[in-house]
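Let me begin by presenting the structure, written as structure tokens, before commenting on it.
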Amino acid sequence: MPDLFIHIIVPIAIFLFIATFTLFAVYAERKIAGFLQDRLGPMETGKFGLIQTVADILKLLQKEFITPSAADKVLFAIAPVVIFTAVFIGYSVVPWAPDFIPANTNTGLFFLMAVVSIDAIGILMAGWGSNNKYSLLGAIRAIAQMVSYEIPVGLCLISAVMITQTLNLNDIAYLQGIDSPHPIYFFGFWDVTQIGGVFAWHIFQAPHLLIVYVIFFLATLAECNRAPFDIPEAESELIGGFHTEYGGIKFAFLFLAEYAMMFLVAILGVVIFLGAWNTPLPNIGALRLADWTTGLGWGLFWTFTKSLLIVGIQIWIRWTLPRFRADQLMTLCWKILIPVGFLCLAISGFWRIFIML
Amino acid sequence: MTIETIIFYAFAAMAIGAGLLLVNIRNTARALFLFFVVLFAMAGLYLFALADFIAITQILIYVGGVLILLIFAFMLSNKELLKDIQTSSTRFISLANWQSVVLSITFLSLMVYTFVNWSQQMPGWIEQSISKGTLIQAKDNNIELLGFKFMTQYVLPFEIISIFLMMALIGAAHLSRKDNTA
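Chains as they are written, first to last, in numbering that gives the first Met the number 0: chain A, 0 to 356; chain B, 0 to 181.
As structure tokens, this is what we get:
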């Protein structure tokens, strides 16, 4: 019975986290946008506009359910649930701290990739179910983009997994710090198993993983449909893309899914490439910084700090760069990211065979 | 009745129910989305057979790839053609009635025969592996076992499949090319 209790508590905790994160991420997004555009952002509601997003959510929740009369009512209603659930299930295999992981499975990373791809079906449902040409066009653009960019993401993950030799995200996290079961070499020559810190992260275990991480970051940015890859919801041409017809709590779910996806890809990149919950501080002689800053509480702290930093970069990019044109988007994916991804895949193979063994 | 049993029957009911609805529904768009439910429930059932790799692959390839292609094909196809399908025929596969009856009865009797036979006496190879203790457990690292098998015992079929997929890819690229060089 306590097992069952945990099975219920953990998803609720994750959901509450996503909801809180979304509230503050929207606030951060507006404040950063304000800063980058040399204005103040929300200031009126609460001190520094802190409860502006709470007010927005309250307004969204009280809104009436409106279903367009020509819409496919079943698909229209189910779509936000499918989209949110797909992203939500993805959180079930992500480690937050040493052995602090909802589901410690051997197929973790593979499972996450598969589950997140269900998102695309939800978007198509929303676009088709709305029976609106802007929604359908937005959905088709979103799918074309997501299906294309899943390939570089997959290639990046395979290159990393060839180095780690495991799909279990908990084990992948362990392989990047002082608790690693295998010896770790910084760039393949300097044994840093006892030193740990930033040198033991995957991006420094093999130099090409740095490039892989950059590809991963760009491709996942496109997977979340965020600027500069946001033609699926280009508001100047398509009003709101696939969620044009949505309002009230259904729109709130689509919004939650979008921000949950942002955090999911950020934490996934952190777990696989940036040392997961491992500390960036190395052991220097008698100064055992890495030993002192490893543990449950510290693990949570590092995971959150790193992931929120990545989310911050995502927001920063959104308000700095203009939107790509559709053909530029596809050119970037198929002619640059995928060939470089394949090259890194080959380097991973050679690195594993000739340097790590 | 354990939780696992309940979940198993829930997935089974979902697969059968959605499948039945899928072949009877007139609305093609909804039928395609019901197909997603069927595939998802089937993936859940694979998990109970300890085939976690197959289950995830099913979702990744069929839901993330094939189903999206199907929906795209549906959306881009001729409206008149679709109307024709939706009105004239209630059959999903265009076999004549008696042929499909024969097919389904054969398949059902095969399954009943196997079930009756196996519930009386397990086949020799299963009893052998039970006695030797080489059964796969839920906690085993199946994906690693699978990797070793693919790269050692089954390396030839694995390579043949990859060459076959490569041929399909090159063929698709060739077909979709504009005919200005030839």
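Idealized CB from N, CA, C, for every residue including glycine.
- Non-local beta-carbon contacts of A:Gly-121 in its own chain, meaning distances under 7 Å to residues more than five positions away in sequence, involve Ala-78, Val-81, Ile-82 and Ala-85 in chain order.
- Each of A:Leu-267, A:Ala-159 and A:Gly-296 was checked against the Cα of A:Arg-351, and the nearest Cα belongs to A:Ala-159.
- With a threshold of 16 other beta carbon atoms within 10 Å, A:Ile-8 falls short and is exposed.
- Going by DSSP, A:His-242 is part of no alpha helix (DSSP H) at all; its letter is neither H nor E.
- Per the C-alpha coordinates, the member of A:Ile-5, A:Ser-129 and A:Val-25 positioned closest to A:Ala-256 is A:Val-25.
- Remark: C-beta atoms of A:Ala-251 and A:Leu-59 approach each other more closely than 8 Å.
- DSSP, read as helix, strand or coil, puts A:Ile-50 in coil.
- Here DSSP, grouped into helix, strand and coil, assigns B:Tyr-153 to coil.
- Taking 9 Å as the cut-off between beta carbons, the residues of the segment 60 to 89 of chain A near chain B are Asp-71, Val-73, Leu-74, Ile-77 and Val-81, in sequence order.
- Contacts with chain B (Cβ-Cβ distance below 8 Å) from the segment 112 to 130 of chain A involve Met-112, Ala-113, Val-114, Ser-116, Ile-117, Ala-119, Ile-120, Leu-123, Met-124 and Trp-127, listed in chain order.
- At a Cβ-Cβ threshold of 8 Å, A:Thr-165 and A:Ile-171 count as neighbours.
- Against chain A, a Cβ distance below 8 Å from B:Leu-66 picks out Ile-120.
- In the displayed model, A:Leu-286 falls within a strand according to three-state DSSP.
- Burial state of A:Gln-313 is buried, judged by a 10 Å Cβ sphere holding 16 or more other Cβ atoms.
- With fewer than three CB-CB distances shorter than 8 Å, the segment 26 to 46 of chain A does not count as touching the segment 68 to 76 of chain A.
- Looking at the DSSP output, A:Trp-189 bridges to A:Phe-185.
- Contact annotation, B:Ala-30 with A:Trp-127: C-beta distance approximately 12 Å; criterion of less than 8 Å not satisfied.
- Here the alpha carbons of B:Ser-108 and A:Ile-214 stand approximately 53 Å from one another.
- A Cβ-Cβ separation of about 6 Å places A:Ile-142 in contact with A:Leu-123 under the 8 Å criterion.
- Per DSSP, the continuous alpha helix (DSSP H) segment holding A:Ser-158 begins and ends at 132 to 163.
- Residues of chain A with a Cβ closer than 7 Å to the Cβ of B:Arg-176 do not exist; the shortest Cβ-Cβ separation is about 15 Å.
- Burial check for B:Ala-9: the Cβ neighbour count within 10 Å stays below 16, so the residue is exposed.
- Looking from the CA of A:Phe-203, the closest CA among A:Gly-247, A:Pro-151 and A:Phe-272 belongs to A:Phe-272.
- Under the Cβ criterion of 8 Å, B:Gly-63 is counted among the residues facing chain A.
- Looking at the DSSP output, B:Ala-54 shares a beta bridge with no other residue.
- When C-beta distances to chain B are compared with 9 Å, every residue of the segment 301 to 312 of chain A stays at or above that value.
- Cβ neighbours of A:Ala-259 within its own chain (closer than 6 Å, five residues either side excluded): Ile-17 and Val-86.
- A direct Cα-Cα distance of roughly 24 Å separates A:Val-146 from A:Leu-209.
- For A:Met-112, the enclosing alpha helix (DSSP H) begins and ends at 107 to 115.
- Ranked by Cα distance from A:Pro-67, the first of A:Gly-246, A:Val-269 and A:Phe-14 is A:Gly-246.
- Contact residues of the segment 150 to 169 of chain B toward chain A are absent (C-beta to C-beta distance below 9 Å).
- For B:Ala-72, the uninterrupted alpha helix (DSSP H) segment begins and ends at 66 to 75.
- Taking one beta carbon from each stretch, the segment 194 to 202 of chain A and the segment 273 to 281 of chain A have 3 or more pairs nearer than 8 Å; the two touch.
- The criterion of a C-beta distance shorter than 8 Å is satisfied by A:Tyr-133 and A:Ile-238.
- Sixteen is the threshold: since fewer than 16 other Cβ atoms of the shown chains lie within 10 Å of the Cβ of B:Lys-177, the residue is exposed.
- Looking at the DSSP output, A:Ala-96 bridges to A:Phe-99.
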